[in-house]
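Top line first, the protein sequences correspond to chains A and B.
Note that full-length UniProt numbering numbers the first sequence so that position 326 is 326, with each residue one more than the last.
Note that full-length UniProt numbering numbers the second sequence so that position 346 is 346, with each residue one more than the last.
2 protein chains.
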Amino acid sequence: MSGEDAPAQQQNAVDQKQETKPAEEPKAEPPKTESAPAAAAEADATPAAATEKVPEEETFTYRALVLTGHGGYDKVKLQVKKGKPTLKAGEVLVRVKACGLNFADLMARQGLYDRMPSPPVTLGMECSGLVEAVGDKVMVLNRFGLWQEVAVVPASHTFLIPEGMSFEEAAALPVNYITAYMMLFDFGNLRPNQSVLVHAAAGGVGIAATQLCKTVKDVTVFGTASASKHETISQGGVEHPIDYRTKDYVEEVRKISPKGMDIILDPLGGSDTHKAYNLLKPMGKLITYGTANMLAGQKKNLLAVAKNWYHQFSIHTLSLIQGNKSVCGFHLGYLDGEMELISQAMNTILDLYKEGKVKPHIDSTWHMEQVGDAMRKMQERNNIGKVILTTEPMPEEEKKEEPKKEDKKDDKKKDDKKKDDKKKDDGKKEEKKDDKKKEEPKKEEPKKEEEKKEEAKKEEK
Amino acid sequence: MSGEDAPAQQQNAVDQKQETKPAEEPKAEPPKTESAPAAAAEADATPAAATEKVPEEETFTYRALVLTGHGGYDKVKLQVKKGKPTLKAGEVLVRVKACGLNFADLMARQGLYDRMPSPPVTLGMECSGLVEAVGDKVMVLNRFGLWQEVAVVPASHTFLIPEGMSFEEAAALPVNYITAYMMLFDFGNLRPNQSVLVHAAAGGVGIAATQLCKTVKDVTVFGTASASKHETISQGGVEHPIDYRTKDYVEEVRKISPKGMDIILDPLGGSDTHKAYNLLKPMGKLITYGTANMLAGQKKNLLAVAKNWYHQFSIHTLSLIQGNKSVCGFHLGYLDGEMELISQAMNTILDLYKEGKVKPHIDSTWHMEQVGDAMRKMQERNNIGKVILTTEPMPEEEKKEEPKKEDKKDDKKKDDKKKDDKKKDDGKKEEKKDDKKKEEPKKEEPKKEEEKKEEAKKEEK
Ligand SMILES: NC(=O)c1ccc[n+]([C@@H]2O[C@H](COP(=O)([O-])OP(=O)(O)OC[C@H]3O[C@@H](n4cnc5c(N)ncnc54)[C@H](OP(=O)(O)O)[C@@H]3O)[C@@H](O)[C@H]2O)c1
Ligand SMILES: NC(=O)c1ccc[n+]([C@@H]2O[C@H](COP(=O)([O-])OP(=O)(O)OC[C@H]3O[C@@H](n4cnc5c(N)ncnc54)[C@H](OP(=O)(O)O)[C@@H]3O)[C@@H](O)[C@H]2O)c1
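Written as structure tokens, this is what we have:
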């Protein structure tokens, strides 16, 4: 973690620096062009400091992605906030460079995520950037509020970015890797020769989990994902990719491993949790950590929610005892009081990163203006790895090229209209349309590095 | 494990030896005196080999402790079986020296243990002895059938006794230590600085668990037990002994550790499982492995059973997820298909034994004739550590001294009478009466060794 040792004194230093050194990051300066109507001061964002009467502090503005209500992609608006936030003891101000998009942000948008305050609220549970006071490059984990150019967070929620890691990678790492790590190594107690079933194996958590499995000798990974992603996940270490859309994954697993699995990571919930339980070997561990099955369509789908509740898994201890089974629940959002545990996990993950054993896989990077498209990419199941938002201003020419696809029609001001054709957004039909999306080569260096490593690997073989 | 490499060929060797070498263990020869009416050939014991017509095989007899029906202590009868058992491929014949008494044997007697066939059946899930064919000293783990002078078991269920371990210790080790080990290190994933709540901390599993906890740095053990046992368990490593009979253990734990426990071992079931669940820290693990609460009185107590069922714990995944909790069920009796896992655990345990880090604590050793008293000692909650049965013949003078206490009246032939005063046997009232019971100094060596080690420890301090 960065600068948490002497929060009180350091805070003063930060405050002073803020006054004397307003524009440390020229690139991160708010462009002031793009802007939906600016929100009034929000509950979660510290309002402009009323006591400090420095004019500059008052004129300070920054962009934020605000959830304005529950519903479709258009509920997330890019707004301009005014007034430089003040810091409390133990907090730091981070100039945000990149943000991670998580499945929970999609759930939150639909009102299905209980760790998010009611709208209006700034979204975002992870980001990377620079601590303004000291210039440290950090990644940040928070319950919400990180999708903005300037974020104030407890210093204990920041982690130093190691040498050689890009801001995109750093924004992609915390949630997925801490989640995968704690599930596999704390609850799962993963050991050599074991077998692990990873659902959504091409997703953010899925790829992190696969990489972490591969740090243990002779672990076999079974992974479910849409067929188009199988090549990537196979290369990433999944021995048995399973297309759950066209096949019964339980049968597929049993064919290969009749006794079942040692560990199953279940982000789906509902009836899939039952299936997972039945697929466990003796001494097997089921770790349930999500209810992706609740998400169907752009807006809350009551049928999907009801189905998930109806199939909600409940276990009797007698069944656990007779089966020699373990059922664990994991939720990073409820671990915010346990920063020590999280730091321990993070330190190990960063060590593995430095050893080249894990590396976030970036699916695509989007401007803040494109958050709807970014969300759509994940929600329509087209991402492989992490979807990233960047705070870099969007070049004028890209704005003319503009959003992408049919997203345009939803992009502006249709907030509360019930125009939400669920069939279209069901994810199963609209796939592939996104495939042609152009990703922007913003940072050359990290990509070059990646290529170098891949070449090196090929040479080894 | 002993002699499992080439079971088929070895079996032949064993068979031949049996024919030529009938009485390898003079001491273990059946004394032919003590005998309740001999049982007819039982389902679980291999009947006299009809095909081999060697007279000696036919005249071969051995004593066995047979559960003749469900009920009080008197349902377990010492019977003489006739005919030397034959061996199937992969099996070995063990001349039994000592047997471990387990809580499950008490439950089985009452018809509350589902891994035991219906009576008549020979009890006993662990013992130590000599493999007749090769002379190896082994300990044995089996679902049932080991409380007899001669036991036929799969070679894979035997483990070599290490140098310096007595037969009593060897009979005390398998069930308690494998159970404690797999719970703490497989499901529990115990790590330095964690806290563990051990119920029945002065019992067989409880002492094993405490010792195993102490092999990990800075683990704090909270243990419940009757007050009279606190001194012993404190010396054994329990930092916080709690008298659950006079105090609310949940409150006591919270006073010392307000956030709760990292691991809770729950052998009680019913409402105690709920309490355990609520006492878990985030990322905590509850391992439930018994329903001792079902046992009240000599015979099945329907009220206790009903209460346990009524309070039967069932968990919703949503609660697990929001709490970041794990609930595991463990049952060694259902792991009989997993001898590889069990062997791995056993090997580690034996290494720890050799390093002097674990050592079974023997409460008392009883002759086969005294099985009722032995059971009573455990059931009335008077044991500290393991209750052992020995197959050594009971000296004549001891027979005159005879059983002990009010047991006499139940000792013979009251099989099916409903005379079972539950109040008296409730365990809470009758305590201490057993305290004066004289233990027989059958083996001098192990005791001397123990004393030596204790002296050494004192000198260290
Ligand atoms: N409890 C926690 O602390 C925690 C933390 C992080 C994530 N999670 C959970 O982990 C899961 C993955 O999260 P992530 O952020 O890494 O997302 P992700 O896996 O990168 O993206 C979602 C992917 O999941 C698959 N998927 C399955 N059902 C889906 C549905 N109903 N809608 C959309 N996609 C679906 C899709 O791929 P395929 O169809 O090709 O498989 C999709 O590409 C989510 O359930 C999330 O809630 C939980
Ligand atoms: N699942 C498995 O594989 C497995 C394997 C072995 C044992 N177990 C379970 O672990 C527990 C301990 O077994 P153990 O063989 O080691 O026995 P034990 O603990 O040596 O003996 C029983 C002790 O438990 C305490 N106790 C609590 N409730 C009791 C009750 N209703 N009746 C009698 N005693 C009670 C008593 O001590 P205090 O009252 O002083 O605490 C008593 O001395 C049992 O519940 C057993 O079923 C499970």
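C-beta: ideal position from N, C-alpha, C; glycine also.
Along chain B, in chain order, which residues have C-beta atoms closer than 9 Å to that of residue i?
i	result
P282/A	Y334, L335, G337, E338 and L341
Report, in whole angstroms, the separation of the C-beta atoms of residue i and residue j, which I expect to be a contact under 8 Å.
i	j	result
H331/A	Q322/B	6 Å
L141/A	M125/A	7 Å
M261/B	L197/B	5 Å
G270/B	K325/B	At roughly 19 Å, the Cβ-Cβ gap does not stay under 8 Å, so G270/B and K325/B are not in contact.
F187/A	K285/A	6 Å
G333/B	T288/B	Contact doesn't hold; Cβ gap of about 14 Å is too wide.
I242/B	T224/B	5 Å
A98/B	C127/B	7 Å
D351/A	V387/A	Not quite, the Cβ-Cβ distance comes to about 26 Å (not below 8 Å), so this is no contact.
Q194/B	I263/B	6 Å
L123/B	L78/B	Not a contact, Cβ separation roughly 11 Å.
R149/B	R63/B	Here the sequence assigns Glu to residue 149/B, which means Arg is not the residue at that position. About 5 Å separates the two Cβ atoms, so the contact holds.
Of all Cβ atoms in chain B, is any one closer than 7 Å to the Cβ of residue i?
i	result
N301/A	no
V14/A	In this predicted model, V14/A has a pLDDT of only 31, less than 50, meaning its place in the structure is not dependable; the value taken from the coordinates is given anyway. Not an interface residue.
D411/A	Because D411/A carries a pLDDT of 35, less than 50, the predicted location of this residue cannot be relied on, and the following value inherits that uncertainty. Chain B, which has no Cβ nearer than 7 Å to the Cβ of D411/A, makes this no.
Q110/A	no
S35/A	Per-residue confidence for S35/A stands at a pLDDT of 34, beneath the threshold of 50, marking its modelled position as unreliable; no derived number is given.
Taking C-beta pairs closer than 7 Å, name the residues in chain B that residue i reaches, listed in chain order.
i	result
S271/A	Here the premise fails: no neighbours, minimum Cβ distance about 12 Å.
N324/A	G329, F330, H331, Y334 and L335
Counting only Cβ pairs nearer than 9 Å, list the residues of chain A close to residue i.
i	result
F103/B	Per Cβ cutoff of 9 Å: no residues; F103/B is ~14 Å from chain A at best.
At least one CB of chain A closer than 7 Å to the CB of residue i: is that the case?
i	result
L265/B	no
Y181/B	no
K417/B	Low confidence applies to K417/B: its pLDDT is 35, below 50, so where it sits in the model is not reliable, and the reading given next is rough at best. No, no contact with chain A.
Quick one: which chain A residues come within Cβ less than 8 Å of residue i?
i	result
I178/B	Result: empty, since nearest Cβ-Cβ is about 12 Å, beyond 8 Å.
S314/B	S314, I315, H316 and T317
Using a cut-off of 8 Å between C-beta atoms, extract the partners of residue i located in chain B.
i	result
L320/A	T288, V327, C328 and G329
Got a sec: which bits of the segment 187 to 221 of chain B sit with their beta carbon under 8 Å from any beta carbon on chain A, in order along the chain?
-> Per Cβ criterion, the list reads F187 and N189.
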